[in-house]
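Enquirer:
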Amino acid sequence: MTLPSTTEAATRADFSRIRYAQVWEDADVLLAALDVQPSDTVVSIASAGDNALALLGAGADRVIALDLNPSQLACLELRVAAYRELSHAELLVLIGSRTGTAEERGRLFRRCRRRLTAAVRAFWDSQPAALAGGIGGAGKFENYFRLFRSCVLPLVHGNAMVTELLRGGPPDVRERFYKQQWDTWRWRLLFKFFFSRFMMGRLGRDPAFFKYVEGSVAERILSRTRHALTALDPAENPYLHWILTGIHGEALPWALRAENFEMIRNRLDRLEWHELTLEAFLERERVAGVVKFN
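Heads up: the sequence shown begins at -15 in this note's numbering, then just goes up one per residue.
(1) Per DSSP, what kind of secondary structure is Ala49 in: helix, strand or coil?
(2) Who are the Cβ neighbours of Val274 in its own chain at under 8 Å, not counting the five residues just before and after it?
(3) Between which two residues does the beta strand (DSSP E) containing Leu255 stretch?
(4) Closer than 8 Å is the cut-off here; do at least three beta carbon pairs connect the segment 112 to 130 with the segment 144 to 156?
(5) Does the distance from the CB of Ser67 to the CB of Ile231 come in under 8 Å?
(6) What residues in its chain sit with their C-beta under 6 Å from that of Ser180, if we drop five residues either side in the sequence?
(7) On the criterion of 16 or more Cβ atoms from any shown chain inside 10 Å, does Trp169 qualify as buried, or is it exposed?
(8) May I ask which residues mark the beginning and end of the beta strand (DSSP E) holding Glu205?
(9) In this structure, what does DSSP give as the bridge partners for Lys276?
(10) DSSP three-state label for His18, please.
(11) With a CB to CB cut of under 6 Å and the five nearest residues on each side skipped, what residues in its chain are close to Val13?
(12) Answer yes or no: do Leu236 and Pro218 have a C-beta to C-beta separation smaller than 8 Å?
(13) Cβ of Trp257 within 8 Å of Cβ of Ala30?
(14) Closest to Leu255 by C-alpha separation, out of Leu213, Arg89, Ala65, would be which residue?
(15) With 8 Å as the threshold, decide whether the Cβ of Ala58 is near any Cβ in chain D.
(16) Going by the beta-carbon positions, is the gap between Arg63 and Gly33 smaller than 8 Å?
(17) Do you know how far the Cα of Ala102 is from the Cα of Leu216?
(18) Can you look up Leu131 in the DSSP assignment and give me helix, strand or coil?
(19) Can you find the residues in the same chain that come closer than 6 Å, C-beta to C-beta, to Gly152, ignoring five residues on each side of it along the sequence?
(20) Pairing CB atoms from the segment 45 to 59 with CB atoms from the segment 77 to 84, are three or more of them under 8 Å?
(21) Looking at the unbroken alpha helix (DSSP H) that takes in Phe93, where does it start and where does it end?
(22) Considering only residues of the segment 140 to 182, which uninterrupted alpha helix (DSSP H) runs meet the minimum length of 4 residues and lie entirely inside it, listed in chain order?
(23) How about Pro54 and Glu259: do their beta carbons lie closer than 8 Å?
(24) Could you give the first and the last residue of the continuous alpha helix (DSSP H) run that contains Arg249?
(25) Using DSSP with H/G/I as helix, E/B as strand and the rest coil, what is Pro191?
(26) Do Gly123 and Tyr4 have their C-beta atoms within less than 8 Å of each other?
(27) When the Cα atoms are used, what is the spatial distance from Leu137 to Glu74?
(28) Work out the CA separation of His211 and Asn244 for me, nearest whole Å.
(29) Can you tell me whether DSSP reads Ser55 as helix, strand or coil?
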């Protein structure tokens, strides 16, 4: 069988900017599912690089990250430079997981800059606002959540309510809090508007990404949000913390946890990245040695 060297998404979506400045698929779920072994060669869609780094830290022999978008690969390359150059605490400030000033992040970037290729240096040199605010908030999708956090959420719940939600607790406490305090008619109304197919297509994701999505996007996301706020513990959810507060705080994704930092740093020579479609990679490599895909 001859595989196409292009992919449908490449013809329909705009890949000229950072779409995702962090990976929004949970690496804990990914690593449990793939059960990475020391002999594994794993192919991962790069996005911002977090899950490729998690696969590396989990012990894969070789991780190959692919992306159509050079801006996404620039996110990964800067992360790799940061793991090499910075301490764990400094990495969190550069990402935006912890608070920091624009000047502090500028100094951290300059330390990483010498490790970047010329094209990626030029890319990040042209992104002073992204660097100042933390590179984990530099994407279109993260800006969408920033609008939600700053413009929509305050119309529904104040800071005290958000703090209470993120405190989490036992399942019965979370369920009662959601039903009695969080799940108001205003929450449902504004949520369904902001996370509608129309609004997400204009402000968050490319409309082309919804081509094969059936039914109400907003209803589906609202259902999954209730699951995240009740069945799962909000106190342990780094993605929820970022959406609602703009930082990860004490809840960190797998690749950013202190206990995984040195393992990732020490294995960076086993990671490679390419601006290629998956189809083109498969055609070139003939899947030789690759045993797992993300």
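Each residue gets a CB set at the ideal place from its N, CA and C atoms; glycine is no exception.
Expert: Here's the rundown:
(1) In the sequence shown, counting from the first residue as 1, residue 49 sits at position 65. Three-state result, Ala49: strand.
(2) Looking up residue 274 in the sequence shown gives position 290. Closer than 8 Å at the Cβ level, and outside the excluded window around Val274, lie Thr25, Val26, Val27, Ile48.
(3) Against the sequence shown, residue 255 aligns to sequence position 271. 255 to 258 is the span of the beta strand (DSSP E), which, as asked, contains Leu255.
(4) no
(5) By one-based count along the sequence shown, residue 67 stands at place 83. By one-based count along the sequence shown, residue 231 stands at place 247. Here residue 67 is Tyr; the residue named in the question, Ser, does not match the sequence. Contact: no.
(6) Along the sequence shown, read from residue 1 onward, the residue named residue 180 stands at position 196. Hits under 6 Å: Ala202.
(7) The residue you call residue 169 lines up with position 185 of the sequence shown. By the neighbour-count rule (16 or more Cβ atoms within 10 Å), Trp169 is not buried but exposed.
(8) As a first step, residue 205 must be located in the sequence shown, where it is residue number 221. Going by the sequence as given, residue 205 is Ile instead of Glu. Taken as a continuous stretch (DSSP letters only), Ile205 belongs to no beta strand (DSSP E), being part of the alpha helix (DSSP H) at 201 to 214.
(9) Along the sequence shown, read from residue 1 onward, the residue named residue 276 stands at position 292. DSSP, once it has assigned bridges, lists Val26 as partnering Lys276.
(10) Translated into the one-based positions of the sequence shown, residue 18 becomes position 34. Here residue 18 turns out to be Leu, not His, going by the sequence shown. Three-state DSSP puts Leu18 in a helix.
(11) Within the sequence shown, numbered from 1, the residue matching residue 13 stands at position 29. Answer for Val13: no residue qualifies.
(12) If you number the sequence shown from 1, residue 236 lands on position 252. If you number the sequence shown from 1, residue 218 lands on position 234. Cβ distance not < 8 Å, so Leu236 and Pro218 don't count as in contact.
(13) For this step, residue 257 is matched to residue 273 along the sequence shown. For this step, residue 30 is matched to residue 46 along the sequence shown. For Trp257 and Ala30, yes; Cβs fall inside 8 Å.
(14) Here residue 255 corresponds to residue number 271 of the sequence shown, with the count starting at 1. The option with the nearest alpha carbon to Leu255 is Ala65.
(15) Protein chains in the displayed structure number just one, and chain D is not present.
(16) Numbered from its first residue, the sequence shown carries residue 63 at position 79. Numbered from its first residue, the sequence shown carries residue 33 at position 49. For Arg63 and Gly33, yes; Cβs fall inside 8 Å.
(17) For this step, residue 216 is matched to residue 232 along the sequence shown. For this step, residue 102 is matched to residue 118 along the sequence shown. Those two C-alpha atoms are separated by around 43 Å.
(18) On the sequence shown, position 147 is the one that residue 131 refers to. Residue state, collapsed to three classes: helix.
(19) As a position in the sequence shown, residue 152 is number 168, starting the count at 1. Excluding residues within five positions, the ones whose Cβ falls inside 6 Å are Asp217, Pro218, Ala219.
(20) no
(21) For this step, residue 93 is matched to residue 109 along the sequence shown. First-last of the alpha helix (DSSP H) with Phe93: 86 to 97.
(22) 143 to 151, 155 to 161, 169 to 178
(23) Sequence index remark: in the sequence shown, residue 54 carries index 70 (1-based). Sequence index remark: in the sequence shown, residue 259 carries index 275 (1-based). Yes, Cβ-Cβ distance for Pro54 and Glu259 is below 8 Å.
(24) On the sequence shown, position 265 is the one that residue 249 refers to. Here the alpha helix (DSSP H) through Arg249 covers 242 to 250.
(25) As a working mapping, residue 191 is identified with position 207 in the sequence shown. Below a pLDDT of 50, predicted positions are generally treated as unreliable, and Pro191, at 48, falls in that range; the measurement from the model is reported next regardless. Looking at Pro191 - three-state DSSP - the assignment turns out to be helix.
(26) For the purposes of this step, residue 123 is taken as the residue at position 139 of the sequence shown. For the purposes of this step, residue 4 is taken as the residue at position 20 of the sequence shown. Yes, these two residues count as a Cβ contact at 8 Å.
(27) Translated into positions along the sequence shown, residue 137 becomes position 153. Translated into positions along the sequence shown, residue 74 becomes position 90. So the two alpha carbons sit approximately 30 Å from each other.
(28) The residue labelled residue 244 in the question sits at position 260 within the sequence shown. The residue labelled residue 211 in the question sits at position 227 within the sequence shown. Spanning the two alpha carbons is a distance of roughly 28 Å.
(29) Taking the sequence shown and counting its residues from 1, the one referred to as residue 55 is at position 71. Correct three-state label for Ser55: helix.
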